[in-house]
Amino acid sequence: MITAVSDLFKYYSSFADAELLKVYLAGSRSEERGTMEHIEAAVQWICQAQDAFEGGGVARSYSMVYQPYFKKRGWFAPYPETTGYIIPTLIDYARLVNSQEFVDRAVRMADWECRVQMPSGAVQGGMIDQPSSPAIFNTGQVIFGWIRAFKETGASKYLDSAVRAGGFLVSQQDKDGAWRKSLSDFTNGSRMTSYTYNTRTAWALLELALVTGNEEFKEGAIRNVEYALGEQTENGWFRSNCLTQPDRPLTHTIAYCIRGIMEVGSLLKNETYLASARKAADALLARQRPDGSLPGRYNGHWEPAVSWRCLTGEAQMAGIWGRLYQLTGMPDYLEGMRKANAGLRKVQFMRTDQPGLYGGISGSEPIHGMYGRFEILNWAVKFFLDAQMLELSLRKMGDSRLRSHGIGDGASSN
1 MITAVSDLFK YYSSFADAEL LKVYLAGSRS EERGTMEHIE AAVQWICQAQ DAFEGGGVAR
61 SYSMVYQPYF KKRGWFAPYP ETTGYIIPTL IDYARLVNSQ EFVDRAVRMA DWECRVQMPS
121 GAVQGGMIDQ PSSPAIFNTG QVIFGWIRAF KETGASKYLD SAVRAGGFLV SQQDKDGAWR
181 KSLSDFTNGS RMTSYTYNTR TAWALLELAL VTGNEEFKEG AIRNVEYALG EQTENGWFRS
241 NCLTQPDRPL THTIAYCIRG IMEVGSLLKN ETYLASARKA ADALLARQRP DGSLPGRYNG
301 HWEPAVSWRC LTGEAQMAGI WGRLYQLTGM PDYLEGMRKA NAGLRKVQFM RTDQPGLYGG
361 ISGSEPIHGM YGRFEILNWA VKFFLDAQML ELSLRKMGDS RLRSHGIGDG ASSN
């Protein structure tokens, strides 16, 4: 009881912080600037997050207030899952600006991931300072990073780690393609039996199959996508697709599910998978607000379930619509990406020099919304970067549309 009261006191007293008041009263968000300036600021935030701790991993987040669950504020410990899929994003940026510095940073991330990999081949759930338990989704996301590090450097240790991770994934998969074991102690695994958004893990497994020629990995990826298609309703919505509230999933996990199915469909040239992904992506595109935003949760009728925005999900959808433009040439997708990206640039923290805030993207908008409340999340910044760099690339390439690849994760590593 005393601890709970103390945590509440620390939480509410942290609102007296001068910089936080400045955010609320004066605003640290930006009027829209040049896309490259926003990209550079976001990369600066990622670099600060990596430098916040020794070892090479990327801090999970920066919290503007004391968080009772984590019992701290400021920078939170490195997060294996998201560090893994930040690796391809940083290498994409290195290519954009022709700088070895950012490749070196990405390699440090990959080395750290090798060091913290569990003996089973799994990647742990949660932050590195939390009790270690295997997590299917997290394992899949780090595979993206190891593959990209292998392709960038040729060092076999990264592929070895990825193969061990792939072996763990197929060992935990049920015959129907679902993953019901090792769902992570830090999600809602005690109540959920499977997560449809693990299609993003299936995508990683297929990327690994293409690098190694391992048919077991390819078959596992296909089985999982087939399972997910069985969870899709007639209107394109997916069941069992949220960490905590599957009856009204976050746009974040909706986008995870769509992207996994879409990329597996693209790699296999499977029109059924692509049509499934488009059905859900089109439903959200039809509901995009004039300012480019989306409500943070949707129920099974695609009705908004909350008023606040999940900025991570918006950035992911921007990237998905951009990829669908590459795949189909349909201008509505390009316009959806542009509107979403413009809206996100307006809520990036730019008018502040405080480390932890500058260049960051908050979990929610407003920042007291119920996803990553009062936090700058490293994965929100990652997906913001992917979407902004994809738009920049499309703008430079014009009508050619870069049909062969996208930006971030497995897409540009082909």
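Here the sequence shown stands for residues 1 to 414, numbered as in this note's numbering. Using N, Cα and C, we set each Cβ at its ideal position, and we do this for glycine too. Given the structure is predicted, the values throughout are model-derived calculations rather than measurements.
(1) Taking 8 Å as the cut-off, does the region 284–303 touch the region 240–259 (at least 3 CB pairs, one atom from each stretch)?
(2) Only counting the same chain, and skipping five residues up and downstream in sequence, which positions put a Cβ closer than 6 Å to that of Phe186?
(3) With distances taken Cα to Cα, identify the nearest neighbour of Arg79 among Asp129, Ser120, Val103.
(4) Below 8 Å between beta carbons: does that hold for Gln50 and Val58?
(5) Count Cβ pairs between the region 325–345 and the region 379–389 that sit closer than 8 Å; are there 3 or more?
(6) Pull up the distance between the alpha-carbon of Asn241 and that of Ser194, whole angstroms please.
(7) Are the beta-carbon atoms of Gly260 and Glu226 separated by less than 8 Å?
(8) Just to confirm, is the Cβ distance from Trp203 to Glu271 under 8 Å?
(9) Are there 16 or more other CB atoms within 10 angstroms of the CB of Gln232, so buried, or fewer, so exposed?
(10) On the three-state DSSP scale, how would you describe Gly189?
(11) Please determine, among Gln316, Asp160, Val107, Pro131, the residue with the shortest C-alpha to C-alpha distance to Glu152.
(12) Note the first and the last residue of the continuous alpha helix (DSSP H) segment covering Trp379.
(13) Glu335 by DSSP, collapsed to three states: which one?
(14) For Gly369, which residues in the same chain have their Cβ closer than 8 Å to its Cβ, ignoring the five residues on either side in sequence?
(15) Output the distance between the C-alpha atoms of Gly417 and Ala380, rounded to the nearest integer angstrom.
(16) At the level of alpha carbons, what is the spacing between Pro134 and Gly55?
(17) What's the gap between the Cα of Gln141 and the Cα of Phe168?
(18) Report the CB separation of Asn138 from Val116 in whole angstroms; it is logged as a contact under 8 Å.
(19) Considering Cα atoms alone, identify which of Ser266, Ile87, Trp237, Ala318 is closest to Trp302.
(20) By how many angstroms is the C-alpha of Leu243 removed from the C-alpha of Gly265?
(21) Please confirm whether Ile136 and Asn198 have their CB atoms less than 8 Å apart.
(22) Helix or strand or just coil, what does DSSP make of Tyr195?
(23) Out of curiosity, what's the CA-to-CA distance linking Gly189 and Leu183?
The relevant details are as follows:
(1) yes
(2) Gly125, Gly126
(3) In the sequence as presented, Arg is not what sits at residue 79; that position holds Tyr. Comparing Cα-Cα distances from Tyr79 to each of Asp129, Ser120, Val103, the minimum goes to Asp129.
(4) yes
(5) yes
(6) Approximately 8 Å, taken between the alpha carbons.
(7) no
(8) no
(9) buried
(10) Note that Gly189 scores 47 on pLDDT, short of 50, meaning its location in the model is unreliable; the coordinates nonetheless yield the value given after this. The answer is coil: DSSP assigns Gly189 none of H, G, I, E or B.
(11) Out of Gln316, Asp160, Val107, Pro131, Val107 has the C-alpha closest to the C-alpha of Glu152.
(12) First-last of the alpha helix (DSSP H) with Trp379: 378–397.
(13) helix
(14) If we look at Gly369 and ignore the five residues flanking it on each side, its Cβ neighbours are Gly296, Val306, Trp308, Arg309, Cys310, Gly363.
(15) This structure gives no information on residue 417, because the portion of the chain shown stretches from 1 to 414.
(16) 21 Å
(17) Their backbone Cα atoms lie some 13 Å apart in a straight line.
(18) About 11 Å separates the two Cβ atoms, so there is no contact after all.
(19) Among Ser266, Ile87, Trp237, Ala318, the Cα nearest to that of Trp302 is on Trp237.
(20) Pairing Gly265 with Leu243, the inter-Cα distance amounts to about 24 Å.
(21) yes
(22) coil
(23) At Gly189 the pLDDT is 47, less than 50, meaning the model places this residue with poor confidence; the figure from the coordinates comes in the next sentence. If you take the alpha carbons of Gly189 and Leu183, they lie about 6 Å apart.
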